[in-house]
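Position 88, counted from 1, in the first sequence is what the numbering used here calls 106; the numbers after and before it change by one each time, with no gaps. From the three backbone atoms N, C-alpha and C, an ideal C-beta is built for every residue, glycine too. Remember, it's a predicted structure, so these values are computed and weren't measured experimentally. Okay, so here's the structure we're looking at.
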Amino acid sequence: MPYKIVFFGTSEFSIPSLQALIQDQRFEVTAVVTKPDMPIGRHQTMTEPPVKLLAKKFNIPFFQFQKIKTPDTYQILSDLQQNHDIDAYVVVSYGKIIPQNILDLPKKGVINVHGSLLPKHRGASCVQAAIAAGDQQAGVSIMLLDAEMDHGAILAQAETKIPEAETGGELHDRLAQMGGELLTDTLVNYFENKITPQPQNHALATYCKILKREDGQIDWNKSAKEIANLIRAYNPWPGTWFEWQGKRIKILKALAVDQSINIQQPSIRQLIQDQKRLLILCGDQNFIEILELQPEGKKTMSSQTYLAGHKI
RNA sequence: CGCGGGGUAGAGCAGAUGGCAGCUCGCCAGGCCCAUAACCUGGAGGUCGUGGGUUCAAGUCCCACCCCCGCAA
């Protein structure tokens, strides 16, 4: 008898985990819960979440609750529990807070895949937070869900080195994959009581908030190193940008320059051209060299290309 | 029809009031130098997004359409 799972997830990060569960004979994904379709993109076209598309592909019944903290929602999930005797919920990047009365439904509890080495980087933007903080290591944690955010006892973790130039998007994809790989065996071991959940050391916890576009605005008073990490972390979401002559310029790729550069009267937050390099002075008197950028209304381009058409 | 910017040489940009299509980079050929993302000389490369319209004359003015992008979500 396979373990019966209800999967809660929405974004791309959820996909490898859901896929791992579907393909593993030891599990049966009885149902999927995902967020409602959202109008997305420049033309506000209604778009189905990736998890919904995967559920449809494998003919798994799915629910898209508008609100989850309602009696109706509870009733539906409660009925599901009655009819199918669900073993556990698996929550991966669902995007909504699940109330306690629903968390209490499945027999063996609720398991969450989180993209950081808990207790570090609790919260919604854990992957970006790791790179922005200049961490050498990142990882995934599989944990029990409790009432507080990313607070539950840990069942398993996997670590990985963050390469020098890795972007948030790249790390995100790797961690999603790692999460899926670690999930299935961990679940089975947990169900068979081979794992003792380890409480987190809450004193060491750090938190990150959900990111919005505005969070990508560069504060040039920070150090070049911090800014370079932020640019790397926030690529591709939410992106980093600054105002230049009334327009936004996104920065997609940049380096903190460690050598000293001879420039007369450099001023902070101004674009500076040195030879064929595009530089900006940061708060710690070091420079950021912009390698790839995107002016508002334009496609992305290299700094050399930008300089070919813009006099500074 | 949520708001806005834009499509001109391989790339990035200029092209008031319509009047021979230009700049920077790249590319090709040659030169120079111990050497260079250096410099010098010469050269190729454009149906100006598409289709109509106005005009002696349209990249430029009018209309329609296609495509790209920023914001917002």
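Exercise. Return the first residue and the last residue of the alpha helix (DSSP H) that residue 135 is part of.
Key: Mapped onto the first sequence, residue 135 falls at position 117. Here residue 135 belongs to no alpha helix (DSSP H), and DSSP marks it neither H nor E.
Practice problem: With distances taken Cα to Cα, identify the nearest neighbour of residue 166 among 89, 117, 35. | Solution: For the purposes of this step, residue 166 is taken as residue 148 along the first sequence, with counting starting at 1. Ranking the options by Cα distance to residue 166, first place goes to 117.
Practice problem: Check whether the Cβ atoms of residue 242 and residue 300 lie closer than 8 Å to each other. | Solution: Counting from 1 along the first sequence, the entry for residue 242 is found at position 224. Counting from 1 along the first sequence, the entry for residue 300 is found at position 282. In this structure, residue 300 lies closer than 8 Å to residue 242 by Cβ.
Quiz item: In whole angstroms, what separates the C-alpha of residue 143 from that of residue 90?
Solution: The sequence position of residue 143 within the first sequence is 125, counting from 1. The sequence position of residue 90 within the first sequence is 72, counting from 1. Inter-residue distance for residue 143 and residue 90 is about 30 Å (C-alpha atoms, whole angstroms).
Self-check item: Closest Cα partner of residue 181 within the set 247, 113, 206
Solution: Residue mapping note: residue 181 aligns to position 163 of the first sequence, counting from 1. Checking every option, the nearest Cα to that of residue 181 belongs to 247.
Self-check item: Residue nearest to residue 113 in terms of C-alpha spacing, selected from 32, 264, 23
Solution: In the first sequence, residue 113 corresponds to position 95, counting from 1. The shortest C-alpha separation from residue 113 is found at 32.
Quiz item: Cβ of residue 270 within 8 Å of Cβ of residue 325?
Solution: Counted from its first residue, the first sequence places residue 270 at position 252. Counted from its first residue, the first sequence places residue 325 at position 307. Taking 8 Å as the Cβ cut-off, residue 270 and residue 325 do not qualify as a contacting pair.
Practice problem: Could you pull out every unbroken alpha helix (DSSP H) segment of at least 4 residues lying fully inside the segment 188 to 264, listed in chain order? | Solution: 242 to 251
Practice problem: Give the C-beta separation of residue 102 and residue 48 to the nearest angstrom, bearing in mind that I take them to be a contact with Cβ-Cβ under 8 Å. | Solution: Taking the first sequence and counting its residues from 1, one reaches residue 102 at position 84. Taking the first sequence and counting its residues from 1, one reaches residue 48 at position 30. Taking 8 Å as the upper bound for CB-CB distance, residue 102 and residue 48 are in contact here, some 5 Å apart.
Quiz item: Who does residue 331 pair with in a DSSP beta bridge?
Solution: Outside the shown range of the chain (19 to 330) lies residue 331, about which nothing can therefore be said.
Practice problem: Express the C-alpha separation of residue 58 and residue 239 in angstroms, rounding to a whole number. | Solution: On the first sequence, residue 239 is found 221 positions in, with the first residue counted as 1. On the first sequence, residue 58 is found 40 positions in, with the first residue counted as 1. Near 34 Å, if we compare the C-alpha coordinates of residue 58 and residue 239.
Practice problem: Check the C-beta distance from residue 52 over to residue 28 and give it rounded, since I have them as a contact under 8 Å. | Solution: On the first sequence, position 34 is the one that residue 52 refers to. On the first sequence, position 10 is the one that residue 28 refers to. Residue 28 and residue 52 do touch by the CB rule: their CB atoms are close to 5 Å apart, below 8 Å.
Self-check item: Own chain residues within Cβ distance below 6 Å of residue 67, not counting five before or after
Solution: Position 49 of the first sequence holds residue 67. Cβ neighbours of residue 67 beyond the five flanking positions: 28, 52, 53.
Quiz item: CB residue 193 to CB residue 159, shorter than 8 Å?
Solution: Position 175 of the first sequence holds residue 193. Position 141 of the first sequence holds residue 159. Going by C-beta atoms, residue 193 is not nearer than 8 Å to residue 159.
Self-check item: residue 198 classed as buried or exposed, judged by whether at least 16 other C-beta atoms fall within 10 angstroms
Solution: Residue mapping note: residue 198 aligns to position 180 of the first sequence, counting from 1. Label assigned to residue 198: buried.
Exercise. Please determine if the segment 123 to 131 and the segment 221 to 231 are in contact, where contact requires at least 3 C-beta pairs separated by less than 8 Å.
Key: The segment 123 to 131 is not in contact with the segment 221 to 231.
Quiz item: If you draw a straight line from the C-alpha of residue 108 to the C-alpha of residue 55, how long is it?
Solution: As a first step, residue 108 must be located in the first sequence, where it is residue number 90. As a first step, residue 55 must be located in the first sequence, where it is residue number 37. Each residue's alpha carbon lies about 21 Å from the other.
Exercise. For residue 159, write down the residues that DSSP places opposite it in a beta bridge.
Key: Taking the first residue of the first sequence as 1, we reach residue 159 at position 141. For residue 159, which the question treats as bridged, DSSP gives the partners 132, 175.
Quiz item: Terminal residues of the continuous beta strand (DSSP E) containing residue 58?
Solution: One-based indexing of the first sequence puts residue 58 at position 40. Element bounds for residue 58: 56 to 58.
Practice problem: Using beta-carbon positions only, say whether residue 185 and residue 157 come within less than 8 Å of one another. | Solution: For the purposes of this step, residue 185 is taken as residue 167 along the first sequence, with counting starting at 1. For the purposes of this step, residue 157 is taken as residue 139 along the first sequence, with counting starting at 1. No.
Quiz item: In the DSSP assignment, what are the bridge partners of residue 64?
Solution: Position 46 of the first sequence holds residue 64. Answer is 57, bridged to residue 64.
Quiz item: Which runs of the alpha helix (DSSP H) fall wholly inside the segment 79 to 153 and span at least 4 residues, in chain order?
Solution: 89 to 102, 118 to 121, 144 to 150
Exercise. Can you check DSSP and say which residues form a bridge with residue 69?
Key: If you number the first sequence from 1, residue 69 lands on position 51. DSSP lists no partner for residue 69.
Quiz item: Could you check where the beta strand (DSSP E) with residue 298 kicks off and where it finishes?
Solution: Reading the first sequence from its first residue, position 280 is the one you call residue 298. Its beta strand (DSSP E) spans residues 295 to 299.
Exercise. Give the DSSP-derived three-state secondary structure of residue 33 in the structure shown.
Key: As a working note, residue 33 is residue 15 in the first sequence. The answer is helix: DSSP assigns residue 33 an H, G or I state.
Practice problem: Give the secondary structure of residue 183 by DSSP, where H, G and I count as helix, E and B as strand, and everything else as coil. | Solution: To locate residue 183, count along the first sequence from 1; it is residue 165. Residue 183 falls in the coil class under three-state DSSP.
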